[in-house]
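Asker: Pasting a structure here, questions to come.
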Amino acid sequence: MQLQAVLVLGALVFQTNALPLQLTRDVLQPRDNTTNGITEALLDNFKLFANFTAASYCPSNENSTVGSLVSCAESACPLVEADIVTSVVEFGGENDTTVSDIKGYVALDPVRSLIVVAFAGSGNTIRNYLTDVTFVEIPYTDCNACWVHSGFATGWSERRSIVLAAVSTALLAYPSYSIVVTGHSIGAAVGTLAAAELRSLNHSVDTYTYGSPRVGNEAFADFVTSQTPAQGSNFRMTHVNDPVPQLPPTWIGYQHTSPEYWLSGGNATTELYGAEDVVVCEGVGNEGCNAGTGLVPIDGDAHTHYLGLIAACQGPVSL
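If you use mature numbering (1 follows the signal peptide of the UniProt record, and there is no 0), the sequence shown corresponds to residues -18 to -1, 1 to 301, in order.
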């Protein structure tokens, strides 16, 4: 499986003799900053935006005309299809020539009055994987002492103008609509950067991300976390022992935004969870929830099962 190969490569890049990888633990270690359970309404939102994210992987949502219905093969996004969601703009996919080949779309949900920006994860080209494993940091100029992963920053910079223009156009036509940014894996990381900038442009933005790697340093994580609740809310979901949220590692300076919503219990392919199964961990440096499971053994299946098979439309990697 191509995902597992990338994760192994990432682990090897990060590993040193002085800092061995943490061994797997079967249970969450007790932490003061964890709570059990969320509301049914929030769980429903996680399911909805997992559908929006799943749609970003589907070829049916590549290079469509404005106003085309967002649709999915493999029954990947029934909630989106039920809302008669229409495309504003789509990017990436076949014949894309950008460095990162970040794929996604901006769409309108008339049922829920939403402007949704969705980013797919590592897709079907090797450029996505090179973006994943580019472990160089660059300054993030919107906050003091912040830096971010250069590969994720490149992914956002290559889609920035088209996304910002599409959101502005949508808001002009539908000023009462709310903005939501969603994404999976590398798409979650790019989505975090997109939401941070949209908020800096005085938009209120909610984020729903799934299996996001760490995007930047503690100062950046604090900055994004501090944008809420005044400028929207962050909903970052992880799944059992998904290894991707544990990379890049904290010992080279990376931290996560807060809070984390951890799908606990079950196994790597479990998709059916109740609201009581979600554990909430607060704090950019929390060591509970997903971080408490350890990085090895690597199980890529946990990364693709988020309340469903989130990358059901994804094809095999091609060189």
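Positions of the beta carbon are idealized from the N, C-alpha and C atoms, including for glycine.
(1) So, with DSSP's three-state summary, where would you put GLN209?
(2) Whole-angstrom Cβ separation of PRO195 and LEU146, contact assumed at under 8 Å?
(3) Mind the definition here: the region 117 to 132 touches the region 140 to 158 only if three or more C-beta pairs lie below 8 Å; say whether that holds.
(4) Given this structure, state the Cα-to-Cα distance separating GLU179 from THR79, to the nearest angstrom.
(5) Between TYR190, GLY274 and VAL261, which lies nearest to PRO231 when the distance is taken from Cα to Cα?
(6) Would you call the region 267 to 281 and the region 19 to 26 in contact, with 3 or more CB pairs under 8 Å?
(7) Specify, as a first and last residue, the run of the beta strand (DSSP E) that HIS166 falls within.
(8) Considering only the alpha carbon of each residue, which of THR239, THR220 and VAL81 lies closest to ASN199?
(9) List, from N- to C-terminal side, the beta strand (DSSP E) runs of 3 residues or more that fit wholly inside the region 6 to 62.
(10) According to DSSP, simplified to helix, strand and coil, what is PRO121?
(11) Would the region 218 to 226 count as touching the region 240 to 251 if we require 3 or more Cβ pairs under 8 Å?
(12) Is VAL67 closer than 8 Å to residue 342 when the C-beta atoms are compared?
(13) By Cβ distance below 8 Å, which residues in the same chain neighbour GLN4 in space, the five residues on each side in sequence not counted?
(14) With which residues is residue 310 paired in a DSSP beta bridge?
(15) Where does the unbroken alpha helix (DSSP H) through ALA148 begin, and where does it stop?
(16) Roughly how many whole angstroms lie between the Cα atoms of LEU291 and LEU24?
(17) Which of the three DSSP states is assigned to VAL93 in this structure?
(18) From the DSSP output, in three-state form, read off GLN296 for me.
(19) Let's test the definition: count the other Cβ atoms within 10 Å of the Cβ of LEU30 and tell me whether it reaches 16, buried, or not, exposed.
(20) Return the first residue and the last residue of the beta strand (DSSP E) that THR286 is part of.
(21) Can you tell me which of GLN209, TRP138 and THR164 puts its alpha carbon nearest to the alpha carbon of SER182?
(22) If the criterion is Cβ atoms closer than 8 Å, does the pair CYS295 and GLU56 meet it?
(23) Taking 6 Å as the limit between beta carbons, can you name the residues of its chain near ASN33, skipping five residues before and five after?
(24) Counting along the chain, where does the beta strand (DSSP E) carrying LEU245 start and finish?
(25) For the beta strand (DSSP E) that contains CYS128, what are its first and last residues?
(26) Considering only the beta carbon of each residue, do VAL266 and TRP244 sit closer than 8 Å?
(27) Is it buried or exposed, VAL48, if we count other Cβ atoms within 10 angstroms and call 16 or more buried?
(28) Does GLY270 pass the burial test, meaning 16 or more other C-beta atoms within 10 Å, or should it be called exposed?
(29) Over the uninterrupted beta strand (DSSP E) stretch that includes GLU72, give me the two end residues.
(30) DSSP state of VAL197, grouped into three classes?
(31) Out of LEU96, SER38, VAL93 and ASN27, point me to the one whose CA is closest to ILE84's CA.
(32) At the level of alpha carbons, what is the spacing between PHE73 and ASN126?
Answerer: Result, derived from the coordinates:
(1) On the sequence shown, residue 209 is found 227 positions in, with the first residue counted as 1. In this structure, DSSP gives GLN209 a state outside helix and strand, which the three-state scheme calls coil.
(2) Here residue 195 is taken as the residue at index 213 of the sequence shown, counted from 1. Here residue 146 is taken as the residue at index 164 of the sequence shown, counted from 1. Wrong, their Cβ atoms sit about 23 Å apart, outside the cutoff.
(3) Touching, no, given that fewer than three Cβ pairs across the two stretches are closer than 8 Å.
(4) The count along the sequence shown starts at 1 and reaches residue 179 at position 197. The count along the sequence shown starts at 1 and reaches residue 79 at position 97. Using only the alpha carbons, I get a separation of about 24 Å.
(5) For the purposes of this step, residue 231 is taken as residue 249 along the sequence shown, with counting starting at 1. When only C-alpha atoms are compared, the closest one is GLY274.
(6) The region 267 to 281, when compared against the region 19 to 26, does not touch it at the 8 Å Cβ threshold.
(7) Locating residue 166 in the sequence shown gives position 184, where the first residue counts as 1. In the DSSP assignment, HIS166 falls within the unbroken beta strand (DSSP E) covering 160 to 166.
(8) Locating residue 199 in the sequence shown gives position 217, counting from the first residue. It is THR239.
(9) Entirely contained in the region 6 to 62, the beta strand (DSSP E) runs reaching 3 residues are, in chain order, 16 to 18.
(10) As a first step, residue 121 is located in the sequence shown; it is residue number 139 there, counting from the start. The answer is strand: DSSP assigns PRO121 an E or B state.
(11) They touch, by the three-pair rule.
(12) It is not possible to answer for residue 342, since the shown part of the chain is limited to -18 through 301.
(13) In the sequence shown, counting from the first residue as 1, residue 4 sits at position 22. Residue placement at GLN4 is poorly supported in this model, since its pLDDT is 32, which falls under 50; the coordinates are not used for a value here.
(14) Because the chain spans -18 through 301 in this model, residue 310 falls outside it and cannot be assessed.
(15) Walking along the sequence shown from the start, residue 148 turns up at place 166. For ALA148, the enclosing alpha helix (DSSP H) covers residues 132 to 155.
(16) Translated into the one-based positions of the sequence shown, residue 291 becomes position 309. Translated into the one-based positions of the sequence shown, residue 24 becomes position 42. A straight line joining the alpha-carbon of LEU291 with that of LEU24 spans about 19 Å.
(17) On the sequence shown, residue 93 is found 111 positions in, with the first residue counted as 1. In the structure shown, VAL93 sits in coil (DSSP, three-state: anything other than H, G, I, E or B).
(18) In the sequence shown, counting from the first residue as 1, residue 296 sits at position 314. DSSP places GLN296 in coil when its eight states are reduced to three.
(19) In the sequence shown, residue 30 corresponds to position 48, counting from 1. Result: buried.
(20) The residue given as residue 286 occupies position 304 in the sequence shown. Premise fails: THR286 lies in the alpha helix (DSSP H), 283 to 286, not in any beta strand (DSSP E).
(21) Walking along the sequence shown from the start, residue 182 turns up at place 200. If we check each option's Cα against that of SER182, GLN209 comes out closest.
(22) Reading the sequence shown from its first residue, position 313 is the one you call residue 295. Reading the sequence shown from its first residue, position 74 is the one you call residue 56. Closer than 8 Å, so yes.
(23) For the purposes of this step, residue 33 is identified with residue 51 of the sequence shown, where counting begins at 1. Around ASN33: CYS59, LEU61 and VAL62.
(24) In the sequence shown, the residue the question calls residue 245 occupies position 263. Looking at the DSSP string, the run of the beta strand (DSSP E) that includes LEU245 is 242 to 245.
(25) On the sequence shown, residue 128 is found 146 positions in, with the first residue counted as 1. Unbroken run through CYS128: none, as it is neither H nor E.
(26) The residue you call residue 266 lines up with position 284 of the sequence shown. The residue you call residue 244 lines up with position 262 of the sequence shown. Note that the C-beta distance between VAL266 and TRP244 is not below 8 Å.
(27) Locating residue 48 in the sequence shown gives position 66, where the first residue counts as 1. Classification for VAL48: exposed.
(28) To locate residue 270, count along the sequence shown from 1; it is residue 288. Flag for GLY270 reads buried.
(29) Position 90 of the sequence shown, counted from the first residue, corresponds to residue 72. Its beta strand (DSSP E) spans residues 68 to 73.
(30) Taking the sequence shown and counting its residues from 1, the one referred to as residue 197 is at position 215. Note: VAL197 maps to coil in three-state DSSP.
(31) Locating residue 84 in the sequence shown gives position 102, where the first residue counts as 1. Taking each of LEU96, SER38, VAL93 and ASN27 in turn and checking the Cα distance to ILE84, the smallest one comes out for SER38.
(32) For the purposes of this step, residue 73 is taken as the residue at position 91 of the sequence shown. For the purposes of this step, residue 126 is taken as the residue at position 144 of the sequence shown. Cα-Cα distance, rounded: 31 Å.
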